[in-house]
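Notes follow once the structure below has been shown.
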Amino acid sequence: MLQTINQDMIPQAFIEEVRARTDIVELISSYIPLKRAGRNFKALCPFHSEKTSSFVVSPQKQIFHCFGCSQGGGITQFLMLYERVSFVEALEMLANRLGLEVPYQKAEKNKAKTILYDAVYEASLFFHKNLMQKPDQNPFDYLDKRGINQEAIIQFRLGFAFGKNTLLDFLRKKGFALEVLEKASLITSQRSTPHDLFQQRIIFPIFDVRSRVVGFGARTCRPACPVGRQDKNIPKYINSPENSLYSKREHLFGLNFSKEDILKKDCVIVVEGYLDMIIPFIHGIKNIVASLGTALTLEQIYLIKRYTSNIILIFDSDKAGEMATLRTLDLLLENDLKVWIVKLPSGYDPDSLVRDKGKDYFLQFLGKKQDFFDYKIGILKNIHDRESIEGKTKIVQEMLAAIDKLNSEVQRYEYIKKLSEAVKVKEEILLLEFRKISSSLGKNKDNRTVKKSALGGGVISITEKLLLRFMFTKKGAFSLVRKNLTEEDFTSSLARKTVSYFFKNYPQGENVSLKSLAVIEDKEISGFVSAILMDEDIPIDKESFKSSLIKLHKNRTNRLKDKLKEEIKEAEAGDDRQRLKVLVSRYNKMIIAAKNG
66 MLQTINQDMI PQAFIEEVRA RTDIVELISS YIPLKRAGRN FKALCPFHSE KTSSFVVSPQ
126 KQIFHCFGCS QGGGITQFLM LYERVSFVEA LEMLANRLGL EVPYQKAEKN KAKTILYDAV
186 YEASLFFHKN LMQKPDQNPF DYLDKRGINQ EAIIQFRLGF AFGKNTLLDF LRKKGFALEV
246 LEKASLITSQ RSTPHDLFQQ RIIFPIFDVR SRVVGFGART CRPACPVGRQ DKNIPKYINS
306 PENSLYSKRE HLFGLNFSKE DILKKDCVIV VEGYLDMIIP FIHGIKNIVA SLGTALTLEQ
366 IYLIKRYTSN IILIFDSDKA GEMATLRTLD LLLENDLKVW IVKLPSGYDP DSLVRDKGKD
426 YFLQFLGKKQ DFFDYKIGIL KNIHDRESIE GKTKIVQEML AAIDKLNSEV QRYEYIKKLS
486 EAVKVKEEIL LLEFRKISSS LGKNKDNRTV KKSALGGGVI SITEKLLLRF MFTKKGAFSL
546 VRKNLTEEDF TSSLARKTVS YFFKNYPQGE NVSLKSLAVI EDKEISGFVS AILMDEDIPI
606 DKESFKSSLI KLHKNRTNRL KDKLKEEIKE AEAGDDRQRL KVLVSRYNKM IIAAKNG
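This is the structure:
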């Protein structure tokens, strides 16, 4: 499993150095065109579609904010949003721009991982050179027969492994230790002495989302065997064994090439194999990736969600492919993705269909895609006898379990209506059954994830805005807020979330400032803070700050008084004299304390 590197492993002084040396206007203008607008710069927002510029960059504050979609923050947040990367990956990219290397506090482990990256990178170049120099025509003929031209070979850095320890010898001469090559899964010692893992195979480098080689897929292509007639004892495809760089479940083949088109089209097509991805891609269907297996994993789904919430699955139409699709459907629905499934003609996969029939014919089938409901019920009707009570019950139970994974109450109701028509069972009966299934699965409204926009969390009063702005712009303000208030004193849920974040991360009452924005990973908080900082209508004089502090403190006292009054009424109604005495005493003390200021 790939080692997780988090923000805590990076010295704060280095984060501050990167922040101080990176100008936000220069950074953002390298991605999108900015126009001067008074003291600030404006642009069409890269994070949502708009016709009028609402994306503002402040060179003075070194922040950005979109008043249309409420995304905002500093340099790290911009890269996290634009490149769809983590905080650490964004910081690495910023450091690279400055010619710096991130000084991870676990330096030895990071250094070891860098050497592994270097090894697989050199191996990919070695394999590619083997293919391009054509000392053996057989692999080139195979790729040509499969419709892969030289341009595609170069773009995807396809290669060929001769075996016979040619890679081992090459990398040893480059200075790589045997231990490194084994850890990178380039050589194996299983049968005796170390030797190349890949022998007489066409090589498909597997890139991560940042276009770094992390592993390889390899298809057999022995010179003695005519193309398509391989030794049955030799597996057609093998992949790099999992190691500290490569975990099959965490990567999608081709995503580094297709991510921009996935963003533009707001949709991804997921297929199974390398050629199923490459052939449609080189024919102009660019928003496509391969799953490197028969079913999507949770990690791959999280990766997809960085770029889109709409997914089209095209897996094999055999029994194994159908079962893999059904397993994937459940995970996708649970993670709030909209999913469609495409069935190709019998005997075809995306690779062969595009080659034989052309891109337009393939697109026609995309246009016939089914949603999860139609696809799943179609399969279930083939598995179970829908005319029998037992068969119909199983169909209903499995369909309701899938519907329960939807987060939208409207969608759930509409699909239950649709199910009623499909199985000829009354809606009322299905709703009763649905409640049972939903309850047994431990699902209810309260524990469902509720999505909120960056402007969510209720109306924010000027009092709360003023206190938050002071926290970031005036020295000592944060300590005063922390000393006199709690997060519960803020009425807006987003303000409470923000205050809670800073109370937790600055427990000793240290000063927070604009610099603090650089390390916020939560985009909802960073967008909220950037909106507060961009709002020039918020007064920032000391008297306003003091009166706002007093106001929220009084509001808390009034809430507590009201609560005590209710409890006193309850005690009186229940004739609980002992509790009444305690509550009245507490109430009187609160009144005295309020009078004494």
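Counting from 1 along the sequence shown, just add 65 to a position and that's the residue number in our numbering.
By construction, the Cβ of each residue, glycine as well, lies at the ideal position given by its N, Cα and C atoms.
Note that this is a predicted model, so its numbers are computed, not measured.
#1: Measure the C-alpha to C-alpha separation of ALA108 and ASP326 and round it to an integer number of angstroms.
#2: Per DSSP, which one or two residues make a beta bridge with LEU533?
#3: Going by the CB atoms, is the gap between ALA389 and ALA360 shorter than 9 Å?
#4: Compute the distance between the beta-carbons of VAL404 and PHE427, then report whether it is under 9 Å.
#5: Quick check: the Cα distance between LYS470 and SER613, rounded to an integer number of angstroms?
#6: Which stretch, first to last residue, makes up the alpha helix (DSSP H) that contains ASN447?
#7: Is SER312 helix, strand or coil when you go by DSSP?
#8: Around the Cβ of GLN643, are there at least 16 other Cβ atoms within 10 angstroms (buried) or fewer (exposed)?
#9: With distances taken Cα to Cα, identify the nearest neighbour of ARG371 among PRO306, LEU144, VAL167.
#10: Please specify which runs of the alpha helix (DSSP H), each continuous and at least 4 residues long, are wholly inside the region 100-180, giving them in chain order.
#11: Candidates SER382, THR458, ARG222, LEU246: which alpha carbon is nearest ASN230's?
#12: Extract the residue ranges of the alpha helix (DSSP H) inside the region 552-587, only unbroken runs of 4 or more that lie entirely within it.
#13: Would you tell me roughly how many angstroms separate the C-alpha atoms of PHE79 and HIS260, rounded to the nearest one?
#14: Which residue wins for smallest C-alpha separation from ARG651, given the options LYS628, ALA638, LYS569, ASP587?
#15: Identify the continuous beta strand (DSSP E) that holds ALA542 and give its terminal residues.
#16: Touch check for the region 333-349 and the region 205-218: three-plus C-beta pairs under 8 Å?
#17: Contact between the region 317-336 and the region 365-380: three or more CB pairs below 8 Å?
#18: Can you grab the Cα-Cα spacing for the pair LEU61 / SER118, in whole Å?
#19: When DSSP labels each residue in this structure, what does ILE350 get in the three-state scheme?
#20: At 4 residues or longer, what runs of the alpha helix (DSSP H) sit wholly inside the region 236-286?
#21: Mind checking which residues open and close the beta strand (DSSP E) that includes TYR302?
#22: Based on Cα-Cα distance, which residue from SER309, ILE343, MET464, LEU328 lies nearest to PHE318?
#23: Just grab the DSSP bridge partners of GLY432 for me.
#24: What did DSSP end up calling PHE748 once you bin it into helix, strand or coil?
#25: Going along the chain, which residues of its own chain have a beta-carbon closer than 8 Å to the beta-carbon of VAL594, five neighbours each way excluded?
#26: Measure the alpha-carbon distance for VAL461 versus ASN375 and round it to whole angstroms.
#27: Tell me where the alpha helix (DSSP H) around VAL419 begins and ends.
#28: Which two residues bound the contiguous beta strand (DSSP E) that contains ALA226?
#29: Which residue wins for smallest C-alpha separation from ALA596, given the options LYS539, LYS530, ARG277, GLU244?
#30: Could you tell me the distance, in whole angstroms, from the CA atom of LYS548 to the CA atom of LEU402?
#31: For a test of the three-state rule: what should DSSP assign to PHE205, helix, strand or coil?
#32: Closer than 8 Å is the cut-off here; do at least three beta carbon pairs connect the region 465-482 with the region 391-398?
#33: Do GLU307 and PHE241 have their C-beta atoms within less than 9 Å of each other?
#34: For PHE555, which residues from the same chain have a beta carbon less than 7 Å from its beta carbon, with the 5 sequence-adjacent residues on both sides left out?
#35: Quick check: what's the CA-CA separation for VAL407 versus ALA487?
#36: Are LYS539 and ILE633 close, meaning C-beta to C-beta below 9 Å?
In terms of the structure at hand:
#1: For the purposes of this step, residue 108 is taken as residue 43 along the sequence shown, with counting starting at 1. For the purposes of this step, residue 326 is taken as residue 261 along the sequence shown, with counting starting at 1. Roughly 21 Å separates the two Cα atoms.
#2: Stepping through the sequence shown from its first residue, residue 533 is reached at position 468. LEU533 is not bridged to any residue.
#3: In the sequence shown, residue 360 corresponds to position 295, counting from 1. In the sequence shown, residue 389 corresponds to position 324, counting from 1. Against a cut-off of 9 Å, the Cβ pair of ALA389 and ALA360 comes out as a contact.
#4: Position 339 of the sequence shown, counting from 1, holds the residue named residue 404. Position 362 of the sequence shown, counting from 1, holds the residue named residue 427. Cβ distance not < 9 Å, so VAL404 and PHE427 don't count as in contact.
#5: The count along the sequence shown starts at 1 and reaches residue 470 at position 405. The count along the sequence shown starts at 1 and reaches residue 613 at position 548. Answer to the nearest angstrom: the Cα atoms are 44 Å apart.
#6: Working through the sequence shown from its first residue, we reach residue 447 at position 382. Note, ASN447: alpha helix (DSSP H), 437-448.
#7: As a position in the sequence shown, residue 312 is number 247, starting the count at 1. Of the three classes helix, strand and coil, the one that applies to SER312 here is coil, per DSSP.
#8: Position 578 of the sequence shown holds residue 643. Exposed, by the Cβ-count rule.
#9: Here residue 371 refers to the residue found at position 306 of the sequence shown. Distance check between ARG371 and each of PRO306, LEU144, VAL167 places LEU144 closest, using alpha-carbon atoms only.
#10: For the region 100-180, whole alpha helix (DSSP H) runs of length 4 or above, ordered along the chain, are 140-148, 152-162.
#11: Counting from one through the sequence shown, the residue named residue 230 turns up at place 165. Comparing Cα-Cα distances from ASN230 to each of SER382, THR458, ARG222, LEU246, the minimum goes to LEU246.
#12: Listed in chain order, they are 558-570.
#13: For the purposes of this step, residue 79 is taken as the residue at position 14 of the sequence shown. For the purposes of this step, residue 260 is taken as the residue at position 195 of the sequence shown. The alpha-carbon atoms of PHE79 and HIS260 are separated by roughly 42 Å.
#14: Within the sequence shown, numbered from 1, the residue matching residue 651 stands at position 586. Across the set LYS628, ALA638, LYS569, ASP587, the C-alpha of LYS628 shows the shortest separation from the C-alpha of ARG651.
#15: Here residue 542 refers to the residue found at position 477 when the sequence shown is read from its first residue. Bounds of any beta strand (DSSP E) do not take in ALA542; it lies within the alpha helix (DSSP H) bounded by 542-549.
#16: Yes: the two stretches touch, three or more of their Cβ pairs being nearer than 8 Å.
#17: In short, these stretches touch, since the Cβ pair count reaches three.
#18: This structure gives no information on residue 61, because the portion of the chain shown stretches from 66 to 662.
#19: For this step, residue 350 is matched to residue 285 along the sequence shown. Residue state, collapsed to three classes: coil.
#20: Counting only runs of 4 or more, we get 243-248.
#21: For the purposes of this step, residue 302 is taken as residue 237 along the sequence shown, with counting starting at 1. For TYR302, the uninterrupted beta strand (DSSP E) segment begins and ends at 302-304.
#22: As a working note, residue 318 is residue 253 in the sequence shown. Residue ILE343 is the option with its Cα nearest to PHE318.
#23: On the sequence shown, residue 432 is found 367 positions in, with the first residue counted as 1. None, per the DSSP bridge assignment.
#24: What is shown of the chain runs 66 to 662, which leaves residue 748 out entirely.
#25: In the sequence shown, counting from the first residue as 1, residue 594 sits at position 529. Only residues of its own chain outside the window of five on either side were considered, and among them GLY137, GLY138, LEU533, PHE537, THR563, LEU582, ILE585 have a CB closer than 8 Å to the CB of VAL594, listed in chain order.
#26: Within the sequence shown, numbered from 1, the residue matching residue 461 stands at position 396. Within the sequence shown, numbered from 1, the residue matching residue 375 stands at position 310. Spanning the two alpha carbons is a distance of roughly 26 Å.
#27: Here residue 419 is taken as the residue at index 354 of the sequence shown, counted from 1. Unbroken alpha helix (DSSP H) run through VAL419: 415-422.
#28: On the sequence shown, residue 226 is found 161 positions in, with the first residue counted as 1. If you look at ALA226, you'll find it in the beta strand (DSSP E) that goes 224-226.
#29: As a working note, residue 596 is residue 531 in the sequence shown. Minimum Cα-Cα distance from ALA596 among the listed residues LYS539, LYS530, ARG277, GLU244 corresponds to LYS530.
#30: Numbered from its first residue, the sequence shown carries residue 548 at position 483. Numbered from its first residue, the sequence shown carries residue 402 at position 337. Cα-Cα distance, rounded: 43 Å.
#31: Against the sequence shown, residue 205 aligns to sequence position 140. DSSP places PHE205 in helix when its eight states are reduced to three.
#32: Yes: the two stretches touch, three or more of their Cβ pairs being nearer than 8 Å.
#33: Translated into positions along the sequence shown, residue 307 becomes position 242. Translated into positions along the sequence shown, residue 241 becomes position 176. Contact flag unset, no.
#34: Locating residue 555 in the sequence shown gives position 490, counting from the first residue. Contacts found: GLU529, ARG561, VAL564.
#35: Counted from its first residue, the sequence shown places residue 407 at position 342. Counted from its first residue, the sequence shown places residue 487 at position 422. Between VAL407 and ALA487, the C-alpha separation is close to 21 Å.
#36: Working through the sequence shown from its first residue, we reach residue 539 at position 474. Working through the sequence shown from its first residue, we reach residue 633 at position 568. Contact flag unset, no.
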